[in-house]
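Okay, structure first, notes after.
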Amino acid sequence: MKIKLFAIFLSIAALCAADLEAAPNSSAQRFRDSTYRNPDVFDDSFGDDGPAEVDRKGTGWLFHRRDSRPSDVQFKEACDAYLAGDLRTACKKFDRLVRSWPFSAEAARAQYNLGAILERRGKYAKAFEEYHYLLAVYPENDKTSAVLDHMFAIANWQYGRRKRDAAVKSFAAIAEIAPGWAKTPEAIFLMGKARLEMHDWYEAADAFDVVSSDYPASEFAVPAMERHAAALYALSLKYREDEAIQNRAITVHTSAATALPATDPARAELVAHLDDLVARRDGRALAIAKFYDNKRFKKESAVTAYEEFLRQHPRSPRAPEARARLEELQAPGM
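Take 6 as the starting number for the sequence shown in our numbering and just add one per residue.
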């Protein structure tokens with residue numbers, strides 16, 4: 006009895022240790038000190054832990070038992086079930102073939118058929134997983150373009166049905182496995198839109214930044230820049246005292262205002278947000294100068310503060326005000 010209890014204790018301890026090891030990777034533990042992308046690491050917008058290795062399918066003693074019959078025989082049986090209209094059985098047989106003979110000539114075709122049948126059955130999430138498995142494990146297959154089109158359609162369906170969490174994961178999976186595909190910029194852009202609608206401002210900003218920075222020739226580059234600015238503006242309102250966010254927001258708004266055509270409907274709001282960001286930045290900076298413009302401090306302290314303001318913000322709308330006060334302080338007799 007004591008041996009059994011000790012074994013149970015060891016099992017529970019092992020599970021707890023696994024949880025503790027995984028804890029530091031939790032998104033709740035991430036520290037964000039900047040809104041800039043780091044090109045040397047995997048983008049946050051594609052998941053907290055970066056690209057994950059796809060586990061190969063296997064067989065077991067209880068579930069997914071191996072079928073030792075030749076792979077071509079199993080493939081024909083699965084096709085016969087499909088032609089007979091028994092889609093569920095066809096799925097099981099194609100899946101068993103892939104698990105039993107993963108390196109056979111029929112394995113990649115069986116994997117594709119499994120995804121296609123699941124999609125036909127309306128099992129879209131599962132179909133997406135099987136398509137993704139096909140591209141990850143059998144990259145040499147001849148249906149890559151068609152598979153990506155199917156995956157993109159499923160991700161769009163999820164987004165259209167407001168299944169935003171699922172859509173974000175699907176778009177991210179497409180971007181991860183096919184960064185050079187023609188529709189990947191659109192996939193990342195739509196992922197950013199979903200994040201924006203979920204008020205995940207940091208992740209949305211990351212996604213839009215990827216589109217505008219890594220795919221500058223894409224038709225989604227300029228719209229992504231405008232939405233990147235929108236995400237940063239929301240962050241600037243949430244974290245009003247975070248100077249790094251404020252400055253980054255001003256930079257992106259300025260770039261987006263330059264890139265957007267004058268006739269673009271989004272430009273007016275973008276410019277209004279930029280004016281607000283600049284006004285808040287200059288207001289904080291000028292307030293520091295005015296703090297030293299007080300009898301409690303020496304005149305030289307105020308002069309230095311106004312000069313610093315003018316050095317950092319020479320074109321600010323508040324610059325004439327600061328310049329006039331600086332001239333007063335430097336006038337003879339003051």
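All C-beta atoms in this analysis are idealised placements derived from N, C-alpha and C, irrespective of residue type, glycine included.
Note that the coordinates shown come from a computational prediction; the quantities given were computed from them, not determined experimentally.
Span of the alpha helix (DSSP H) around P325: Here residue 325 is taken as the residue at index 320 of the sequence shown, counted from 1. 324-335 is the extent of the alpha helix (DSSP H) around P325.
The region 290-304 / the region 244-263 touching (three or more Cβ pairs under 8 Å): The region 244-263 and the region 290-304 do not touch, with fewer than three beta-carbon pairs separated by less than 8 Å.
Pairwise C-alpha distance: A132 and D170: The residue you call residue 170 lines up with position 165 of the sequence shown. The residue you call residue 132 lines up with position 127 of the sequence shown. Within the model, the alpha-carbon separation for D170 versus A132 is close to 17 Å.
Exposed unless 16 or more other CB atoms sit within 10 angstroms - verdict on T189: The residue given as residue 189 occupies position 184 in the sequence shown. By the neighbour-count rule (16 or more Cβ atoms within 10 Å), T189 is buried.
Simplified DSSP assignment, three categories, for L88: Residue mapping note: residue 88 aligns to position 83 of the sequence shown, counting from 1. Residue state, collapsed to three classes: helix.
Through-space distance from Q79 to A112, alpha-carbon basis: Indexing the sequence shown from 1 puts residue 112 at position 107. Indexing the sequence shown from 1 puts residue 79 at position 74. Distance between the alpha carbons of A112 and Q79 is about 10 Å.
Close beta carbons around R166, own chain, < 7 Å, minus the five adjacent residues each side: As a position in the sequence shown, residue 166 is number 161, starting the count at 1. Sequence-distant partners of R166 (beyond 5 residues in either direction) whose C-beta falls short of 7 Å from its own C-beta are missing from its chain.
The region 226-243 in contact with the region 272-286 per 3-pair CB rule at 8 Å: Segments in contact, yes.
Rounded distance between the beta-carbons of V59 and A142, thought under 8 Å: Counting from one through the sequence shown, the residue named residue 142 turns up at place 137. Counting from one through the sequence shown, the residue named residue 59 turns up at place 54. Reading the sequence as shown, one finds Val at residue 142 and not Ala. Confirmed, Cβ separation roughly 6 Å.
Element boundaries [alpha helix (DSSP H), containing E3]: Absent from the structure is residue 3, since the part of the chain shown begins at 6 and ends at 339.
Spatially closest choice to Y117 from A110, S109, K148, by CA coordinates: Position 112 of the sequence shown, counting from 1, holds the residue named residue 117. Closest by C-alpha distance to Y117, out of A110, S109, K148, is K148.
8 Å contact criterion, which W4 and Y129 should meet: CB distance rounded: Any property of residue 4 remains undetermined from this structure, which presents the chain solely from 6 to 339.
Integer-rounded CB distance, given that V227 should sit under 8 Å from I193: Along the sequence shown, read from residue 1 onward, the residue named residue 193 stands at position 188. Along the sequence shown, read from residue 1 onward, the residue named residue 227 stands at position 222. Actually they do not touch by this definition, with Cβ atoms about 14 Å apart.
Uninterrupted alpha helix (DSSP H) stretches inside the region 132-216 (no shorter than 4 residues): Counting only runs of at least 4 residues, the region 132-216 fully encloses the following alpha helix (DSSP H) elements, listed from N- to C-terminal order: 149-165, 169-182, 189-202.
Contact check, L102 vs A115, beta carbons under 8 Å: The sequence position of residue 102 within the sequence shown is 97, counting from 1. The sequence position of residue 115 within the sequence shown is 110, counting from 1. For L102 and A115, yes; Cβs fall inside 8 Å.
For R285, the first and last residue of its enclosing alpha helix (DSSP H): As a position in the sequence shown, residue 285 is number 280, starting the count at 1. Bounds of the alpha helix (DSSP H) holding R285 are 272-297.
4-residue-minimum alpha helix (DSSP H) runs that sit fully inside the region 213-273, ordered along the chain: If only uninterrupted alpha helix (DSSP H) runs of at least 4 residues are considered, those enclosed by the region 213-273 are 226-243, 248-264.
For K304, the first and last residue of its enclosing alpha helix (DSSP H): By 1-based counting over the sequence shown, the position of residue 304 is 299. Start and end: 304-317.
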